[in-house]
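Enquirer: Note that the UniProt record's numbering has the sequence shown beginning at 1, numbered continuously upward. All C-beta atoms, glycine included, are put in the ideal place defined by N, C-alpha and C. Only a predicted model underlies this, so the values are computations on that prediction, with no experimental measurement involved.
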Amino acid sequence: MVDNKDLQVATNQYTSSVVSEIKTILDSSRNKVAAQVNTKLLSTYWKIGEIIVRYEQNDQIRAAYGENTLKQLSKSLSKEFGKGFSRSNIYNMRLFYLSYQKIQTVSGKLSWSHYCELLSFVLLCTSSGRNIKYSLPLQNFC
């Protein structure tokens, strides 16, 4: 006859093992999904930056109207898609594209907020009179 204490111990060990294995699978899946979402978000923001720059280069957005255009884009995109399209974020998307002309050089290991910090470093360096290529400081930090 099986003692209740032995049965309880066996059940607890079984449950603990099952939960541990399930936890490992869930954690792994969540990490992979988060990495895929991050990579897709970076790609999307890069493409948005590309579109903005393409319109600028086709002289469809004149420099004098650039700031107002970013505000209008922000307003329209925020109305349509919600948060994430502030004027400064759209400006960062533009700068992101200019800094990484090839999307393949973008690392999915960094989040959008990390890239925004790096982009602010680029702006700081260029506004302080340093003559640097956009990609140099970013590649050195990645």
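Enumerated in chain order, which unbroken segments of the beta strand (DSSP E) with a length of 3 residues or greater are wholly contained in the UniProt domain "YhcG N-terminal" (21-120)?
Expert: Segments of the beta strand (DSSP E) lying fully in the UniProt domain "YhcG N-terminal" (21-120): there are none.
Enquirer: Quick check on DSSP: helix, strand or coil for residue 3?
Expert: As a working mapping, residue 3 is identified with position 3 in the sequence shown. Note: residue 3 maps to coil in three-state DSSP.
Enquirer: Hey, residue 94 and residue 53: beta-carbon distance below 8 Å or not?
Expert: Numbered from 1 along the sequence shown, position 94 holds the residue referred to as residue 94. Numbered from 1 along the sequence shown, position 53 holds the residue referred to as residue 53. Yes, the pair counts as a contact, with Cβ atoms nearer than the cut-off.
Enquirer: Between the C-alpha atoms of residue 111 and residue 17, what's the straight-line distance to the nearest angstrom?
Expert: Walking along the sequence shown from the start, residue 111 turns up at place 111. Walking along the sequence shown from the start, residue 17 turns up at place 17. Approximately 34 Å between the Cα atoms of the pair.
Enquirer: Kindly list the residues whose CB is nearer than 6 Å to the CB of residue 49, restricted to its own chain and excluding five residues on each side of it in sequence; keep chain order.
Expert: As a first step, residue 49 must be located in the sequence shown, where it is residue number 49. Cβ within range, chain order: 93, 94, 96, 97.
Enquirer: Taking the beta carbon of residue 22 as the centre, do at least 16 other beta carbons fall within 10 Å, making it buried, or is it exposed?
Expert: Within the sequence shown, the letter at position 22 stands for residue 22. Looking at its Cβ environment, which holds fewer than 16 other Cβ atoms inside 10 Å, residue 22 is exposed.
Enquirer: Roughly how many angstroms lie between the CA atoms of residue 32 and residue 38, to the nearest whole one?
Expert: Reading the sequence shown from its first residue, position 32 is the one you call residue 32. Reading the sequence shown from its first residue, position 38 is the one you call residue 38. Using only the alpha carbons, I get a separation of about 10 Å.
Enquirer: With distances taken between CB atoms, is the gap from residue 90 to residue 43 smaller than 8 Å?
Expert: For the purposes of this step, residue 90 is taken as the residue at position 90 of the sequence shown. For the purposes of this step, residue 43 is taken as the residue at position 43 of the sequence shown. Not closer than 8 Å, so no.
Enquirer: Among 6, 26, 35, which one has its Cα closest to the Cα of residue 109?
Expert: Counting from one through the sequence shown, the residue named residue 109 turns up at place 109. Closest by alpha carbon: 35.
Enquirer: So residue 74 packs on residue 81, CB below 8 Å; how close in whole Å?
Expert: Position 74 of the sequence shown, counting from 1, holds the residue named residue 74. Position 81 of the sequence shown, counting from 1, holds the residue named residue 81. Wrong, their Cβ atoms sit about 11 Å apart, outside the cutoff.
Enquirer: Measuring only the C-alpha atoms, how far is residue 7 from residue 28?
Expert: By 1-based counting over the sequence shown, the position of residue 7 is 7. By 1-based counting over the sequence shown, the position of residue 28 is 28. Going by the C-alpha atoms only, they are around 32 Å apart.
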